[in-house]
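Novice: What follows is a structure written as structure tokens; I'll ask about it next.
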Amino acid sequence: MNWWSRLSLRGRLVLLGTSGLIVGLAIAGVAMATAMTYSFRGTLDRSANATVTEIAALLEEGSTLPSPLPAPAGQVVQVLDTQHRVVAGDRNADLLVPLLHDDEIARAQRERITVPGDRALQPDPLRVTARKVGDGRIIVVAVPLGDYNRSLELLKTSLWVTYPALVTILVAIAWKVVGQALAPVDRLSASAERITGAATDERLPVPPSSDEIQRLAVTLNHMLDRLATTRARQRSFIADAAHELRSPWPACASRSRWRRSWATGSPSATTC
Numbered sequence: 441m442n443w444w445s446r447l448s449l450r451g452r453l454v455l456l457g458t459s460g461l462i463v464g465l466a467i468a469g470v471a472m473a474t475a476m477t478y479s480f481r482g483t484l485d486r487s488a489n490a491t492v493t494e495i496a497a498l499l500e501e502g503s504t505l506p507s508p509l510p511a512p513a514g515q516v517v518q519v520l521d522t523q524h525r526v527v528a529g530d531r532n533a534d535l536l537v538p539l540l541h542d543d544e545i546a547r548a549q550r551e552r553i554t555v556p557g558d559r560a561l562q563p564d565p566l567r568v569t570a571r572k573v574g575d576g577r578i579i580v581v582a583v584p585l586g587d588y589n590r591s592l593e594l595l596k597t598s599l600w601v602t603y604p605a606l607v608t609i610l611v612a613i614a615w616k617v618v619g620q621a622l623a624p625v626d627r628l629s630a631s632a633e634r635i636t637g638a639a640t641d642e643r644l645p646v647p648p649s650s651d652e653i654q655r656l657a658v659t660l661n662h663m664l665d666r667l668a669t670t671r672a673r674q675r676s677f678i679a680d681a682a683h684e685l686r687s688p689w690p691a692c693a694s695r696s697r698w699r700r701s702w703a704t705g706s707p708s709a710t711t712c
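Numbering follows my numbering, with no gaps: position 190 of the sequence shown is 630.
Here's what the structure looks like:
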């Protein structure tokens with residue numbers, strides 16, 4: 441953790457403040473991409489289910505199937521008999537070759553599968569579902585995945601582009617905000633540099649906000665007041681001591697006066 445201790449207070453605060461946002465944004469981006477993926481796929485599956493239901497209703501009526509079968513643009517629809525031969529299809533379907541192989545037909549009835557688009561002369565892969573109706577015939581509906589894949593690629597590209605830009609903006613804003621929050625500390629430091637032993641009247645600026653920095657400034661000013669009082673007492677003591685040293689007891693002069701006083705016969709007159 442040497443790199444952490446080498447960071448400035450501003451850098452540590454910015455790193456702590458933005459790391460949670462960065463992780464949160466990453467989780468939100470992944471969640472959004474996942475939700476959009478399921479949403480796009482659900483739209484395709486609902487469209488395929490609607491087509492299957494419509495064709496199944498026609499088969500259950502027992503009427504002659506229209507040629508071509510009604511289907512939305514882009515979809516490929518085939519109706520297979522019990523031998524897996526194509527008996528009907530829409531305008532995009534091959535009426536000779538089934539879209540699915542035998543093993544794929546059974547699997548497509550349990551789950552949706554993806555097959556190459558070139559089986560139906562489509563440029564994009566196909567998401568296929570199959571349903572067996574009462575008389576044994578099988579309805580096969582394939583939905584092209586081109587728009588779906590392009591939408592996912594666009595979403596991923598957008599996230600890869602916007603996420604770093606958003607993180608950069610957040611770090612810049614956090615750096616600015618933390619710098620503004622620490623500005624009183626810089627002013628305290630600059631004022632403390634100007635205060636010397638000779639400048640006893642200058643005090644640190646107290647910020648207007650009621651926070652830790654204000655309490656620190658007030659505490660330091662109280663300390664400076666106590667130091668100023670102590671220095672004043674020291675100067676007073678030194679002045680008194682200097683005065684006493686400049687005015688010593690006149691011992692030699694006293695002895696001379698004593699000798700003169702004995703000569704005149706009045707010793708008490710010169711008693712100090």
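All C-beta atoms, glycine included, are put in the ideal place defined by N, C-alpha and C.
Can you tell which of D665, V527, Q674 and V470 has the C-alpha that lies nearest to the C-alpha of L495?
Specialist: A small fix is needed here, since residue 495 is Ile in this sequence, not Leu. Of the listed residues, the one whose Cα sits closest to I495 is V527.
Novice: When burial is assigned at 16 or more other CB atoms within 10 Å of the CB, is Q620 buried or exposed?
Specialist: So Q620 ends up on the exposed side.
Novice: Span of the beta strand (DSSP E) holding L520?
Specialist: Element bounds for L520: V516 to L520.
Novice: Indicate the three-state DSSP secondary structure (helix, strand or coil) for I578 in the structure shown.
Specialist: The answer is strand: DSSP assigns I578 an E or B state.
Novice: To the nearest angstrom, report how far apart V568 and L455 are at their CA atoms.
Specialist: Roughly 49 Å between the two C-alpha positions.
Novice: Exposed or buried, A466, counting other C-beta atoms within 10 Å across all chains shown (16 or more means buried)?
Specialist: When all chains shown are included, A466 counts as exposed.
Novice: Just checking, does the segment 460-478 make contact with the segment 556-567 on the three C-beta pairs under 8 Å criterion?
Specialist: Because the criterion of three Cβ pairs below 8 Å is not met, the segment 460-478 and the segment 556-567 do not touch.
Novice: For a minimum of 3 consecutive residues, which ranges assigned as the beta strand (DSSP E) are wholly contained in the segment 517-550?
Specialist: Those beta strand (DSSP E) runs which fall completely within the segment 517-550 and span 3+ residues are 526-529.
Novice: L417: which of L644, K596, L585 and V625 sits nearest, CA to CA?
Specialist: No information on residue 417 is available, as it lies outside the stretch 441 to 712 that the chain covers here.
Novice: Return the first residue and the last residue of the beta strand (DSSP E) that L566 is part of.
Specialist: L566 -> beta strand (DSSP E) spans L566 to K572.
Novice: Roughly how many angstroms separate the alpha carbons of C712 and I678, rounded to a whole number?
Specialist: Any answer about C712 is weak, because its pLDDT of 44 lies below 50 and its placement is not dependable; what the coordinates show is given next. Taking the straight line joining both Cα atoms gives about 27 Å.
Novice: Straight-line CA distance for N489 to G457?
Specialist: Those two C-alpha atoms are separated by around 48 Å.
Novice: Reducing DSSP to helix, strand and coil, say where T483 ends up.
Specialist: DSSP places T483 in helix when its eight states are reduced to three.
Novice: By alpha-carbon positions, which one of Q518, A614 and S507 ends up nearest to A570?
Specialist: It is Q518 whose Cα lies nearest to the Cα of A570.
Novice: What are the start and end residues of each continuous alpha helix (DSSP H) run of 4 or more residues lying completely inside the segment 624-692, in chain order?
Specialist: Counting whole runs of 4 or more residues, the segment 624-692 contains the alpha helix (DSSP H) stretches 652-686.
Novice: By the 10 Å Cβ neighbour count, where 16 or more other Cβ atoms means buried, how is Q515 classified, buried or exposed?
Specialist: The residue is buried, with at least 16 neighbouring Cβ atoms inside 10 Å.
Novice: Assign A497 to buried or exposed, taking buried as 16 or more other Cβ atoms, counted over all protein chains shown, within 10 Å of its Cβ.
Specialist: When all chains shown are included, A497 counts as exposed.
Novice: What are the boundary residues of the alpha helix (DSSP H) that includes T504?
Specialist: Note, T504: premise wrong, no alpha helix (DSSP H); not H, not E.
Novice: Does the distance from the C-beta atom of T522 to that of G576 stay below 7 Å?
Specialist: Yes; because the gap between Cβ atoms is below 7 Å, this pair is in contact.
Novice: Can you tell me whether N442 is buried or exposed, with buried defined as 16 or more other CB within 10 angstroms of its CB?
Specialist: The residue is exposed, with fewer than 16 neighbouring Cβ atoms inside 10 Å.
Novice: Taking DSSP as the reference, what is the three-state secondary structure of P584?
Specialist: Three-state DSSP puts P584 in a strand.
Novice: Can you name the start and end residues of the alpha helix (DSSP H) that R552 belongs to?
Specialist: Here R552 belongs to no alpha helix (DSSP H), and DSSP marks it neither H nor E.
Novice: Can you tell me the Cβ-Cβ gap for L499 and G529, rounded? I've got them flagged as a contact below 8 Å.
Specialist: That belief does not hold up - the Cβ atoms of L499 and G529 are roughly 14 Å apart, past 8 Å.
Novice: Could you check where the alpha helix (DSSP H) with R446 kicks off and where it finishes?
Specialist: First-last of the alpha helix (DSSP H) with R446: N442 to R446.
Novice: Does the separation of the CB atoms of P647 and S631 fall below 7 Å?
Specialist: Not in contact: P647 and S631 (Cβ atoms no closer than 7 Å).
Novice: Report yes or no: do the segment 577-594 and the segment 480-489 share at least 3 C-beta pairs separated by less than 8 Å?
Specialist: Flag = yes, the segment 577-594 and the segment 480-489 touch.
Novice: Verify whether the separation of the beta carbon atoms of R559 and L539 is less than 7 Å.
Specialist: Going by C-beta atoms, R559 is nearer than 7 Å to L539.
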